[in-house]
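Residue numbering for the sequence shown follows our numbering, starting at 449 and increasing by one per position. We put the CB at the ideal spot given by N, CA and C, even for glycine. Accompanying notes for the structure given below.
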Amino acid sequence: MIHIFSSMTSNENSKVTSVPKSIDKACQRTAPWAPGVSTEIKRAAVPITEDQVRGIFYRYDADKDGRLSKQELKDAFASLGSRMPGLRALLALQHADTNGDGYITEAEFEKLVKYTMKRGYKFK
Numbered sequence: 449m450i451h452i453f454s455s456m457t458s459n460e461n462s463k464v465t466s467v468p469k470s471i472d473k474a475c476q477r478t479a480p481w482a483p484g485v486s487t488e489i490k491r492a493a494v495p496i497t498e499d500q501v502r503g504i505f506y507r508y509d510a511d512k513d514g515r516l517s518k519q520e521l522k523d524a525f526a527s528l529g530s531r532m533p534g535l536r537a538l539l540a541l542q543h544a545d546t547n548g549d550g551y552i553t554e555a556e557f558e559k560l561v562k563y564t565m566k567r568g569y570k571f572k
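Here you go:
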């Protein structure tokens with residue numbers, strides 16, 4: 449360290465005017481574009497809340513009739529990131545559609561939300 453400071457030159461005001469170029473050799477840095485160095489930002493997956501699930505299902509009620517059809521469920525599960533939203537919509541209907549009319553009504557809505565929460569969807 450004394451070698452580094454002794455190689456610096458100063459003017460009459462005691463300001464350093466030059467620094468040897470070899471000073472950075474002790475402080476190697478890897479360029480972000482160098483091979484093997486990832487520049488991607490890692491994001492943590494955040495679990496979805498019941499209120500967010502409700503909001504998604506309300507948003508995908510396309511005809512605003514207060515009922516969710518299989519297609520509307522499929523679209524909602526696709527927005528949640530389901531790998532097979534058609535199958536997930538069918539299974540959700542089987543689980544939550546207690547009267548068997550093929551729609552999720554207001555009375556069956558909470559059962560659908562609980563079913564969706566058990567699947568463990570997360571925002572990335």
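- Where S527 is concerned, the enclosing alpha helix (DSSP H) starts and stops at K518 to S527.
- When DSSP states are grouped into helix, strand and coil, I552 belongs to the strand group.
- Under the DSSP assignment, R531 falls outside any alpha helix (DSSP H); it carries neither an H nor an E label.
- Apart from sequence neighbours up to five positions away, the residues of its chain that approach R515 with a beta-carbon distance below 7 Å are Y551, I552 and T553, ordered along the chain.
- Per the C-alpha coordinates, the member of D545, D549 and V501 positioned closest to A526 is V501.
- For the pair A492 and K559, the Cα-to-Cα distance works out to about 28 Å.
- By a beta-carbon distance limit of 8 Å, I496 does not contact F557. Their separation comes to about 16 Å.
- Taking all protein chains in view, the Cβ of R531 is surrounded by fewer than 16 other Cβ atoms within 10 Å, so the residue is classified as exposed.
- Beta-bridge partners assigned by DSSP to K570: P495.
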